[in-house]
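Numbering (our numbering), first residue to last: 2 to 363.
Glycine included, each C-beta is placed from N, C-alpha and C at the ideal position.
Just so you know, these numbers come straight off a predicted model, no measurement behind them.
Okay, so here's the structure we're looking at.
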């Protein structure tokens, strides 16, 4: 029997989202239906609404979510009804060339549910990142469910499903920050602050936050930044070198995804340092760098996909650290809202008033 629920839908490019009736089918083989308890409002959802991902409207938005498994289909063994789970968009296949090399975090053939959720008139919905969680229930592939300790609040846990994991993973997994190293993070929104928190967790001793908003720089200090640079007022590269004995940082993380910011990150690192791009650029963006500088500085230039995370490994670890009081997940939650407030949350996101608005379901 299908489920009839309410969900947030983007029908066309740039149009305000609407709350509509969504039909969620019973789970088929390998699928699960999840009762959503909380879902963060991420920039990626806004990109979907604006047509920045693709044009497969209408979209069922929402993907940073946690909830309880309500039903499972045939053959599902990794989760059971009643399990508290965080949803992810990297359900590894176990068979592609990345998985065959043991690099499951780069799986090139991740799974989504085979069935489609629809509007009441039968129109098929495209779920954001294969999840679609601004809704009371959603249908996903069971591999998109990661069981974690239910002691963590859903409002905090769900953020691991995208933004927080992307930032933490950019520091720990992609950037491989080590104890005693120096790190600069460009852009202090949710992802950037998560990268700062991840660098602190990894033992970095100098963590430099760069942004053009003093309010965001103050937030960055709360997550572990030891230095702050307002790049609207000060040359960021000079300031970073000044804070690191003139050398630059071991790891520079671009959490903005803009050519000018990436160039700053490139020049702000020490010799043999690592540059990590985790901010998402638009398709039209290009960058030009002197090849001799790429060669002469050594080190590595890396892109971070989803923080190069493996949900089955990283989600439970970060939840455990949260429960130990060592990782401040709650601090990323600026406000909790209802399902009718997503459009206003997008407006607050534009103005930089929040790190994360989180939709809470009764």
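CA-to-CA distance, residue j to residue i, given in whole angstroms
i, j, result
"residue 132", "residue 215", "34 angstroms"
"residue 189", "residue 200", "13 angstroms"
"residue 348", "residue 158", "24 angstroms"
"residue 239", "residue 269", "8 angstroms"
"residue 198", "residue 150", "21 angstroms"
"residue 19", "residue 9", "6 angstroms"
"residue 153", "residue 323", "8 angstroms"
"residue 206", "residue 182", "6 angstroms"
"residue 293", "residue 4", "59 angstroms"
"residue 278", "residue 160", "20 angstroms"
"residue 339", "residue 123", "26 angstroms"
"residue 1", "residue 146", "Nothing can be reported for residue 1: it is not among the residues displayed for the chain, which extend from 2 to 363."
"residue 80", "residue 302", "37 angstroms"
"residue 1", "residue 35", "No answer is possible for residue 1: the residues shown for the chain start at 2 and end at 363."
"residue 57", "residue 51", "12 angstroms"
"residue 233", "residue 187", "12 angstroms"
"residue 193", "residue 173", "13 angstroms"
"residue 241", "residue 261", "16 angstroms"
"residue 49", "residue 106", "24 angstroms"
"residue 113", "residue 120", "19 angstroms"
"residue 69", "residue 38", "7 angstroms"
"residue 180", "residue 203", "6 angstroms"
"residue 316", "residue 86", "10 angstroms"
"residue 195", "residue 54", "23 angstroms"
"residue 248", "residue 213", "23 angstroms"
"residue 228", "residue 235", "13 angstroms"
"residue 82", "residue 74", "10 angstroms"
"residue 33", "residue 71", "8 angstroms"
"residue 305", "residue 138", "30 angstroms"
DSSP beta-bridge partners of residue i
i, result
"residue 228", "209"
"residue 88", "146"
"residue 254", "186, 277"
"residue 168", "Paired residue(s): none; residue 168 is not in a bridge."
"residue 140", "34"
"residue 8", "21, 136"
"residue 195", "Paired residues: none, contrary to the question."
"residue 124", "Beta-bridge pairing links residue 124 to no other residue."
Option in the options with minimal Cα separation from residue i
i, options, result
"residue 253", "233, 246, 274", "274"
"residue 94", "101, 111, 62", "111"
"residue 162", "172, 129, 344, 246", "129"
"residue 346", "35, 46, 29, 37", "46"
"residue 341", "48, 52, 62", "62"
"residue 1", "84, 261, 246, 156", "Residue 1 lies beyond the stretch modelled for the chain, which goes from 2 to 363, so this question has no answer here."
"residue 331", "66, 156, 249, 49", "156"
"residue 66", "88, 53, 49", "88"
"residue 142", "265, 115, 99", "115"
"residue 117", "328, 23, 313", "23"
"residue 31", "224, 127, 140", "140"
"residue 184", "210, 195, 175", "210"
"residue 176", "17, 281, 251", "251"
7 angstroms Cβ cutoff, residue i in contact with chain B
i, result
"residue 251", "Looking for chain B here will not work: only one protein chain is present."
heavy atom of the ligand SAM below 6 angstroms from residue i C-beta
i, result
"residue 199", "Of the ligands one can find in the structure shown there are none, so the ligand SAM has no counterpart to examine."
Problem set entry | Start-end ranges of the alpha helix (DSSP H) lying completely within the stretch 10–52, minimum 4 residues | Counting only runs of 4 or more, we get 44–50.
Worksheet item: Where in the stretch 273–300 do unbroken runs of the alpha helix (DSSP H), each at least 4 residues long, occur, reported from the N-terminal end onward?
Response: If we require 4 residues or more, the alpha helix (DSSP H) runs fully inside the stretch 273–300 come out as 292–298.
Next on the checklist: Count Cβ pairs between the stretch 76–96 and the stretch 11–18 that sit closer than 8 angstroms; are there 3 or more?
Outcome noted: Touching, no.
### Contact the stretch 25–44 vs the stretch 342–357: 3+ CB pairs below 8 angstroms
Verdict: yes, contact present.
Contact the stretch 253–264 vs the stretch 167–181: 3+ CB pairs below 8 angstroms
Taking one beta carbon from each stretch, the stretch 253–264 and the stretch 167–181 have 3 or more pairs nearer than 8 angstroms; the two touch.
Legend entry - Residue ranges of each alpha helix (DSSP H) within the stretch 56–114, 4 or longer: Taking only runs of at least 4 residues, the alpha helix (DSSP H) segments lying wholly in the stretch 56–114 are 98–101.
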